[in-house]
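Numbering (this note's numbering), first residue to last: 45 to 710.
Have a look at this one:
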């Protein structure tokens, strides 16, 4: 569409201009810059505890790779402060199939089951289409806008799409990046025609597209990519043979006369009709026939391979369905060879690569192997957990410590995102009184919990049937003291049932609080306020669920200056949310656990805000090849005497974290 008021061709949809503050070519999208919270640091060696390293090799200084959980619009907007113009390559594989099944294969004990996506994970994919193509285009437009700002001047971006949306996104990319910076439309043949596709009354859709754009096409990083194809013995019979080996020939195409002289000097010029060539006074002379270029096969062992320059038709990379060794069970996973090609072509060692729809973490995994730095993000909790395990597994395979590495950290926007959400929520009410704003927030949460607001109490905010409710603050963990005050108010008023809903929790309050409340004749439940509360569509459809905190029992035993930790029990109280088919496969409490890790000196590392950061000193987790889970750590030796807090983090098969603190004296 071309607007009469300006010479600018673009795609228009309902809602496009709601977020824009200026006209085309000078547009900006409102930026929200929030601080990141460090949830976990993995393989950052430290002194004083005798901690061994997870990885082999030598730690590289000055950088931590970043795995970020959250809405990528807020993530990218917040990254702009420090990374605008600094990312060399972005690869994204955004959702493009409104009807896709995003179930995930997970291990339960020794069996594999299908895990349905959570409401939040569905939002990350299917609900992107909440208002049809309009909401999808708006989502992509805003994010691609930020991606361009994050790219360096020599940077480029690959957007992985399929036949449903490629044409729409191409027009948006022309608008944002400029049509002159469009470099390639790459067709990847992900599979051959099979199954019911063989009976379709149209040509089977087995091609995905990668749209490749530069920030500045005259300055973009480019490394020529060559491929190899094995030549069978039968094919070999068609090749000619000379003293250098088997070869085939091709016409010179666009090669210049000087290039033909170079080929002659290399012994790669072939003249048809048994003609001869010579170079006289810098000129190529041919007696008869026409020149062709020799292309020799490579011999590796007893096999021969043909080299070829990769063009924009990629039919030599097989799909993930044919790669059982790579599959993580994640529905949108792409083969590593696909990412290897894009990363090698458009970045150099040490460059920064990003993927803001990271899924199972393929981009980060390949970047790690190729010596690139990386940033990845995803809205799905299980995507972050899958990526974390995958990256740890890569480092474990670094034999003999031959490869240097960067540590990586898991981040989110945490309380800052919730504060931003709360402000936006309460601004809708146009309420200016701060105390009344808090009342509006409490009312919102209680109504989502299907309760009713009650007044006249200091620590009790609502009621659901015969259960009273206390709501924790948006920006602070629920403390043991806060729980005591609420329980004591219940006891004073002879209320016997109390539910406390919180976003975050003071370490170790779960079992301690429930046990103490029982002694006060109050049945206490602690429930997690889920991130879905901040998602408009999940709220509108009534798909917000509150889960009781998981229970984990840990035992630490000491022998001199050595300590080991063992898991003794684990329970998911909200069993009504566990599918029956899953419950039937659970043989032991440990079957619910996918991963657990230990920080031997919790609170020794703190953020700028003084918040403790979990350092991943030891871990065990299930993989497809090795589903066995250790339930006890090796002995850990402390190098200094003193009191230490050990934090144990358990991740269940749904991707939810549960933590337990144990104190030891050395």
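By construction, the Cβ of each residue, glycine as well, lies at the ideal position given by its N, Cα and C atoms.
{"Query": "Touch test, the region 380-397 against the region 71-81, Cβ-Cβ under 8 Å, three pairs minimum", "Result": "no"}
{"Query": "Test item: CB-CB of residue 367 and residue 409 under 8 Å", "Result": "no"}
{"Query": "Secondary structure of residue 321, DSSP reduced to three states", "Result": "strand"}
{"Query": "Local conformation of residue 550 per DSSP, three classes", "Result": "coil"}
{"Query": "Status (buried if at least 16 other CB within 10 Å, exposed otherwise) for residue 211", "Result": "exposed"}
{"Query": "Touch test, the region 415-435 against the region 448-465, Cβ-Cβ under 8 Å, three pairs minimum", "Result": "yes"}
{"Query": "Of the residues 357, 309 and 607, the one placed nearest residue 599, counting alpha carbons only", "Result": "607"}
{"Query": "Sequence-distant residues of the same chain with beta carbon closer than 8 Å to residue 130, five excluded per side", "Result": "194, 196 and 396"}
{"Query": "Touching by the beta-carbon criterion (3+ pairs, under 8 Å), the region 571-579 and the region 545-554", "Result": "yes"}
{"Query": "Rounded separation between residue 145 and residue 422 - CA only", "Result": "Confidence is the limiting factor: at residue 145 the pLDDT is only 49, short of 50, which leaves the residue's position unreliable and the question unanswerable from this model."}
{"Query": "Residue burial classification, residue 692 (beta-carbon count within 10 angstroms, cutoff 16)", "Result": "buried"}
{"Query": "Inter-residue Cα distance where the pair is residue 97 and residue 647", "Result": "Here residue 97 scores only 48 on pLDDT, less than 50, and its place in the model is too uncertain to base an answer on."}
{"Query": "Endpoints, the beta strand (DSSP E) within which residue 420 is located", "Result": "417-422"}
{"Query": "Nearest-angstrom beta carbon gap, residue 321 and residue 135 [assumed within contact, 8 Å]", "Result": "Incorrect: roughly 45 Å between the Cβ atoms, too far for contact."}
{"Query": "DSSP three-state assignment for residue 449, whether helix, strand or coil", "Result": "strand"}
{"Query": "Whole alpha helix (DSSP H) elements within the region 591-648, 4-residue minimum", "Result": "624-629"}
{"Query": "Exposure label - residue 400; buried when at least 16 CB within 10 Å", "Result": "buried"}
{"Query": "Length of the line joining the Cα atoms of residue 614 and residue 432", "Result": "22 Å"}
{"Query": "Reduced DSSP secondary structure (H/G/I, E/B, other) of residue 92", "Result": "Any reading at residue 92 is ruled out, since the residue's pLDDT is 45, under 50, leaving its predicted position unreliable."}
{"Query": "Helix, strand or coil at residue 467 [DSSP, three-state]", "Result": "helix"}
{"Query": "Residue 5 versus residue 702 - alpha carbon distance", "Result": "Because residue 5 is not part of the residues shown, which for the chain are 45 to 710, the question remains open."}
{"Query": "Cut-off 7 Å between Cβ atoms - residues of its own chain near residue 305, not counting five sequence neighbours on either side", "Result": "323 and 328"}
{"Query": "Cβ neighbour criterion (16 or more within 10 Å) applied to residue 88", "Result": "buried"}
{"Query": "Cβ neighbours of residue 54 in the same chain (closer than 6 Å, five flanking residues each side left out)", "Result": "219"}
{"Query": "8 Å Cβ cutoff met for residue 351 and residue 270", "Result": "yes"}
{"Query": "Whole-angstrom distance between residue 117 and residue 123, CA atom to CA atom", "Result": "10 Å"}
{"Query": "Continuous beta strand (DSSP E) assignments of at least 3 residues falling wholly in the region 360-414", "Result": "396-399"}
{"Query": "Helix, strand or coil at residue 211 according to DSSP, with G and I counted as helix", "Result": "helix"}
{"Query": "Straight-line Cα distance separating residue 338 from residue 318", "Result": "14 Å"}
{"Query": "Validate contact between the region 77-86 and the region 639-659 using beta carbons, cut 8 Å, 3 pairs", "Result": "yes"}
{"Query": "Residue 201 beta carbon less than 8 Å from that of residue 127", "Result": "no"}
{"Query": "Alpha carbon of residue 325 to alpha carbon of residue 370, nearest angstrom", "Result": "57 Å"}
{"Query": "Residues bridged to residue 231 (per DSSP)", "Result": "253 and 357"}
{"Query": "Residue of 403, 393 and 353 minimising C-alpha distance to residue 375", "Result": "403"}
{"Query": "Any non-hydrogen atom of the ligand NAP within 7 Å of residue 324 CB", "Result": "Among the ligands in the structure shown, none appear at all, so the ligand NAP cannot be discussed."}
{"Query": "Per DSSP, the bridge partner or partners of residue 258", "Result": "200"}
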